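The sequence shown begins at 3 in this note's numbering and counts up one residue at a time.
All C-beta atoms in this analysis are idealised placements derived from N, C-alpha and C, irrespective of residue type, glycine included.
In this text the structure is predicted, and so the values were computed from the model without any measurement.
For reference, the structure is listed below as structure tokens.
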Amino acid sequence: MKSSAVDTLLATVGLPQAYRTEPVGGDSISEAVRATLGNGRVVFIKRLRNAPAGFFQAEADGLRAMAGIAGCRTPEVLGVTDQGLVLEWLDGAPARDFAKQLGRGLAAMHASGSDRFGFDDDNFCGLTPQPNPWIADGHAFFAEARLLYQGRRARDAGLLDKMDLSRLETLAAKLPDWVPRMPASLIHGDLWSGNVHCDEQGAPVLIDPAAHYGWAEADLAMTTLFGRQSSAFYDAYMSASMIVGRDWEERAPLYNLYHLLNHLNLFGGGYQSQVRQVLSRYV
């Protein structure tokens, strides 16, 4: 199957035209295809008509940031435009020690730190804009740029009421009571199981980031939100990480409140009760 839109994208980024394309499932936002180019190379292409300004560039920047340090592999960015992204094609069956590799690799990535929280540019978590102002204090960053940003969007959309937002503001103000001071680490930012892939050697590959410098525990928490990773992953992570103990799991609902608020904004009221359950747990 040929696609003129795909060939236009490939030409724009200076790659040969495709002689075969196949749709790929699993991406809930963009059209995804596997394309075999005229030179025989296989690539992965994501396209989204009327994508928000900077949407694919933000993903490319996140992938490149993570690729630039030790840790899990990310797909090489081969080209990016306003309407699409071209990546190297990676696919395989997980190796026997896949979970351990993922745990060690994520710990290595989290060891890359910064003296501030944020990122060089704003990006996206799903289709939701994600502000990344540079802020020295991690509690202030998570309160303002994560929880309250999402909460105010939900309130403006009628998805939360005035009392919900008031409780969220109270929770945000009390974050230092529950979350200890921690350094800023380079994190994936949207690390649910669907964003962990596999390369041809069976090693982990991280895709679709909302990358920024944040709390490493927030990345760990996201791995528990929509189905946990295996115990081998957590054991390997803890053995290679600067994090001591497993009390981060007690704080996971606080970190994951950001993602529940984001899902509320993206998908509607089905997540309202989960947001309110977390708020009721703390305030």
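Item                                                                                                                                  : Value
Uninterrupted beta strand (DSSP E) stretches inside the stretch 117 to 187 (no shorter than 3 residues)                               : 125 to 127, 130 to 132
Residue 77 beta carbon less than 8 Å from that of residue 209                                                                         : yes
Residue from 199, 148, 82 whose Cα sits closest to the Cα of residue 231                                                              : 199
Test item: CB-CB of residue 132 and residue 212 under 8 Å                                                                             : yes
Alpha helix (DSSP H) segment containing residue 235, residue limits                                                                   : 233 to 242
Given residue 169 as reference, the closest of 159, 183, 154 once Cα atoms are compared                                               : 154
Helix, strand or coil at residue 284 [DSSP, three-state]                                                                              : helix
Where the alpha helix (DSSP H) through residue 58 begins and ends                                                                     : 57 to 69
Stretch-stretch touch, CB-based, cutoff 8 Å, three pairs: the stretch 122 to 132 with the stretch 101 to 111                          : no
With 16 other Cβ atoms within 10 Å as the buried cut-off, status of residue 164                                                       : exposed
Check: residue 18 C-beta below 7 Å from any heavy atom of the ligand NAD                                                              : For the structure depicted, the ligand NAD is absent and the ligand set is empty, with no information on it obtainable.
Range of the contiguous alpha helix (DSSP H) that encloses residue 257                                                                : 250 to 269
Residue from 74, 191, 203, 182 with nearest C-alpha to residue 246                                                                    : 182
CA-to-CA distance, residue 160 to residue 206, given in whole angstroms                                                               : 40 Å
Contacts around residue 62, its chain only, beta-carbon distance under 8 Å, and the 5 residues preceding and following it disregarded : 79, 82, 87
Candidates 217, 227, 67, of which the one nearest residue 244 by Cα                                                                   : 217
Exposed unless 16 or more other CB atoms sit within 10 angstroms - verdict on residue 25                                              : exposed
Through-space distance from residue 59 to residue 50, alpha-carbon basis                                                              : 13 Å
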